[in-house]
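Residue numbers (my numbering): 82 to 486. Yeah, the Cβ is synthetic: ideal placement off N, Cα and C, and Gly gets one too.
This is how it looks when you write it as C-alpha cells:
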C-alpha cells in the first residue's frame, strides 16, 4: 500500500456523477429510515398496537437485523448483478412487507414481516452505500450522507408521532416507490477506478509515512467489529430512550421536543468531525467521542429527569453522527478498493439486532432501564478499546492508519 491516507480519482467514474450521488444519498435516507426513527416507531408499537416493551425490542431487532442480512446478501452479489435490479428487488420486498403490516397487527406475524421489510431495505441501502463508497471521495460522500440524516431524523421525529400506525407504514412505502422513476441514475455495475495517492496525514505523521508495511488483512474486519459494538449501544439507547423517559420523571411533551430539536446536533457533529480530523486525524477524536458517549449514556443510569434527558439526547445525537463520520472514513481509508463498503450497513444492522434484543432481555429479567443504560455505556467503552488498540498498535509502524485524516 502507498503511504497515503486518502485517494483522489483521475478516472471518469459513473459514481462521481451528481445523479448517482443524489439518488444514493436519497436511498440511504430512506433505507435507514427505521433506524433513525426507531424511538417514535417503538412508542407507536406500544401505544397503537399494544406491544410490550420486551416485544418492541424483538420487533426492532428483527427490522434492523433484517437490514444486516440484506446488506450481507448484497455484498455477495453486487459485483455480479445489475445494481438496478438489486434495488428493485430490495424496495419490492420492503414495500410488500410494509403493506402487509398495515393490516396485520399480531405480534408474531409482525415480527417476521419486519424482518422481511428490513431485509429488503438492507439490499436497497447496501447498493446506495456501496455507490457512495465507489465515488472518488468516499469520506466526503459519507459525511454528506450523515449531514443529510440530521434533517431526515428531525422530520421523522416531528411528523411520525402525528400519524397512525398505518400512516407510518404508508410513508415508508411511498418513499421507497419514489426511487423507481430515477432508477437509471444508479450505475448498473461497478467501474474500475484509476487513482492517484496524495498524502493528507496529520502533521506529526508526515515524517513517518515512508517505508511502512502493508495493511494487515484483519484491520478492516476489526473496524467492522467495532462498528457492530458501537451500534449495540446506539440500537439499545435509541430504541428505548423515549419509552424509558416516559416511564420515569421526564415530561411527555418535553420528550418529543428534545427528540426533534436534538436531531440538528447531527449538523454540528458532521462539521466538528471534519475540523477535528483535519487537525488530529480520525482515531484520536474517535476515542474521545466514544468515551464521552459512554459517559452521557451512563448519565441516565440513576433515572431520567428533563434536564438529564436534554443533556443526554443532545449529546448522543451530536456524538452518534460524529462517531459514524470517523468510523466510515476509517474503513474508507483502510479499504481503498471499497470491498467492505457494502458490509457497513450489515455491521450497523447486526449491532441493531443485538442491541435491542439484549435490552429486551434485560427488561424481561426485570432489571430495569438502568441496567440497559449500563450495557449501552459498556458497549461504547468496548468499541473505544478496539480503536485504542488500532491506534497504539500502528501509530509507529503505520501512521497512515493511526493518523489518517
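Query                                                                                                                : Result
Pair within 9 Å by beta-carbon distance, residue 540 and residue 202                                                 : As shown, the chain starts at 82 and ends at 486. That puts residue 540 outside it, with no answer to give.
Run of the alpha helix (DSSP H) containing residue 266, from where it starts to where it stops                       : Where residue 266 is concerned, there is no enclosing alpha helix (DSSP H), given that its DSSP letter is neither H nor E.
Element boundaries [alpha helix (DSSP H), containing residue 143]                                                    : 134 to 158
Rounded C-alpha distance that separates residue 448 from residue 382                                                 : 12 Å
Residue 255 classed as buried or exposed, judged by whether at least 16 other C-beta atoms fall within 10 angstroms  : exposed
Contacting residues, own chain, Cβ-Cβ under 8 Å from residue 373 (five flanking each side not counted)               : 396, 400
Contact under 9 Å by Cβ, residue 234 with residue 337                                                                : no
Residues near residue 409 in its chain [Cβ-Cβ closer than 7 Å; skip 5 each side]                                     : 223, 425
For residue 373, three-class secondary structure by DSSP                                                             : helix
Exposure label - residue 405; buried when at least 16 CB within 10 Å                                                 : buried
Residue 207 vs residue 267 beta-carbon contact at 9 Å                                                                : no
Residue 120, buried or exposed, once every other Cβ within 10 Å from all chains shown has been counted against 16    : buried
Top-ranked residue by Cα proximity to residue 144, from 320, 98, 421                                                 : 320
Buried/exposed call for residue 265, threshold 16 Cβ in 10 Å                                                         : exposed
Local conformation of residue 101 per DSSP, three classes                                                            : helix
Separation of residue 155 from residue 436, as counted between CA atoms                                              : 23 Å
Residue of 137, 175, 167 minimising C-alpha distance to residue 188                                                  : 137
Residue 189, enclosing alpha helix (DSSP H) - first and last residue                                                 : 188 to 214
Residue 385 - DSSP class collapsed to helix/strand/coil                                                              : coil
Through-space distance from residue 185 to residue 453, alpha-carbon basis                                           : 30 Å
Cβ-based neighbour list, residue 200, same chain, cut-off 7 Å, excluding 5 preceding and 5 following                 : 147, 150, 151, 174
Cβ-Cβ distance between residue 309 and residue 431 below 9 Å                                                         : yes
Same chain only: Cβ atoms within 8 Å of residue 241, ignoring 5 sequence neighbours per side                         : 118, 121, 122, 125, 249, 252
Own chain partners of residue 179 with C-beta closer than 6 Å, once the 5 adjacent residues on each side are dropped : 198, 250, 253, 254
Given residue 142 as reference, the closest of 167, 161, 116 once Cα atoms are compared                              : 116
Top-ranked residue by Cα proximity to residue 111, from 230, 299, 444                                                : 230
As assigned by DSSP and simplified to three states, the class of residue 96                                          : helix
Residue burial classification, residue 94 (beta-carbon count within 10 angstroms, cutoff 16)                         : buried
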